[in-house]
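Quick note: the sequence shown uses the numbering used here, first residue 9, plus one each step.
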Amino acid sequence: MKEAYINNQPYPIKEGETMLSFIKRHKGDKYVPTLCDTPNLDPFGSCRVCSVDVALEEDGIAKTMASCHSPIAEGQYIYPDSTEIKDLRKNIIELVLTDHPLDCLTCEVNGNCELQDVAAQVGIREVRYPEGDNHLEREKDLSHPYMTSDMSKCINCYRCVRACDEVQGEFVLSMSGRGFDSKIIKGIDQSFMESDCVSCGACSQACPTSAISDVFQSKAIEATETIRTICTYCGVGC
């Protein structure tokens, strides 16, 4: 049986799984925080919140790697709880929050926001960095009867883009610009209504914040039932 190690404890590995799926299988889904990773999309590795230290021998020289898209290999020693890794995750989320509205109490996803959950998990109570350049004044897009977007709350995780591409095959959303100027756009930088959006809601479902929302389905409401279906437009399962 092939094995790898989590905090020096051996666990069996499966062929083709990533470090993150290996850790989740043995330690639980919430053991390593993630933002850009979600089960129904291919691993992407943009947020780096899932970073872990990886060594080839017990307590050996370690390399920091994003666990969501790094394949697990026999004999690897993974350290997801080191002080350096915890500090790295906290620093990443603090930087995200410097360009994110801190209006959690009035936000529609308060209590069901993945960014809020991860911030609490890594131990953030306040942001150390002073206010600087940000995108908090971006205008909301209310043009569509079913979908709204507030890009001031976007964290550039690409989940909406990937859901539109991988789940729906519509390729309506994309990332424009580089670095600080990067942003999610619809079509050729149009409004939702002007773009070729088919109103499927895959982007809203994938979004970890309230950057993209369904007008008729608040993210604050958790699903009480799931239905297996081949149709990506609804959960009726007809």
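Where a beta carbon is used, it is the ideal one built from N, C-alpha and C, also for glycine.
Note that the structure is predicted; figures quoted are calculated from it, not measured.
Asked, Found
"What is the residue span of the alpha helix (DSSP H) that residue 103 lies within?", "91-105"
"Starting from the C-beta of residue 42, find all residues in its chain whose C-beta is less than 8 angstroms away, skip the five residues before and the five after it, and write them out in chain order.", "28, 55, 57, 58, 76 and 126"
"List the whole-angstrom C-beta distance separating residue 214 from residue 49, where the pair is believed to meet the contact cut-off of C-beta under 8 angstroms.", "7 angstroms"
"Is it right to say residue 88 is buried, meaning 16 or more other beta carbons lie within 10 angstroms of its own, or is it exposed?", "buried"
"Going by C-alpha distance, which of 14, 181, 187 and 105 is nearest residue 195?", "181"
"Figure out for me which residue from 191, 12 and 142 has the closest Cα to the Cα of residue 166.", "191"
"Am I right that residue 157 and residue 200 are in contact with their C-beta atoms under 8 angstroms? What's the rounded C-beta distance?", "6 angstroms"
"In the segment 17-89, which residue ranges form an unbroken beta strand (DSSP E) of at least 3 residues, counting only runs that do not cross its ends?", "17-20, 59-63, 71-74 and 85-87"
"Looking only at its chain, what residues have a beta carbon closer than 6 angstroms to the beta carbon of residue 155, apart from the 5 residues adjacent to it on each side?", "200"
"For residue 181, which beta-bridge partners are listed by DSSP?", "194"
"Measure the alpha-carbon distance for residue 207 versus residue 232 and round it to whole angstroms.", "23 angstroms"
"Can you give me the Cβ contacts of residue 25 inside the same chain, cut-off strictly under 7 angstroms, excluding the 5 residues immediately before and after it?", "80"
"So what does DSSP say about residue 156, is it helix, strand or coil?", "strand"
"For the putative contact between residue 108 and residue 163, defined by C-beta atoms under 8 angstroms, what is the C-beta separation to the nearest angstrom?", "7 angstroms"
"For residue 53 and residue 202, what's the separation of their Cα atoms in angstroms?", "31 angstroms"
"Can you have a look at residue 136 and say buried or exposed, based on whether 16 or more other CB atoms are within 10 angstroms of its CB?", "exposed"
"Determine the contact status of residue 142 and residue 114, defining contact as a CB-CB distance below 8 angstroms.", "no"
"Going by alpha carbons, who is nearest to residue 64 out of 177, 83 and 146?", "83"
"Where does residue 122 land, buried or exposed, given buried means 16+ other C-beta within 10 angstroms?", "buried"
"Who pairs with residue 203 in a beta bridge, going by DSSP?", "None; residue 203 has no bridge partner."
"Find out if the Cβ-Cβ distance for the pair residue 61, residue 70 is shorter than 8 angstroms.", "yes"
"Give a yes or no on whether 8 angstroms exceeds the smallest Cβ distance from residue 170 to chain B.", "Of the chains in the structure shown, none is chain B; there is only one protein chain."
"In the DSSP assignment, the beta strand (DSSP E) including residue 222 goes from what residue to what residue?", "220-222"
"Measuring straight from C-alpha to C-alpha, what distance separates residue 145 and residue 117?", "20 angstroms"
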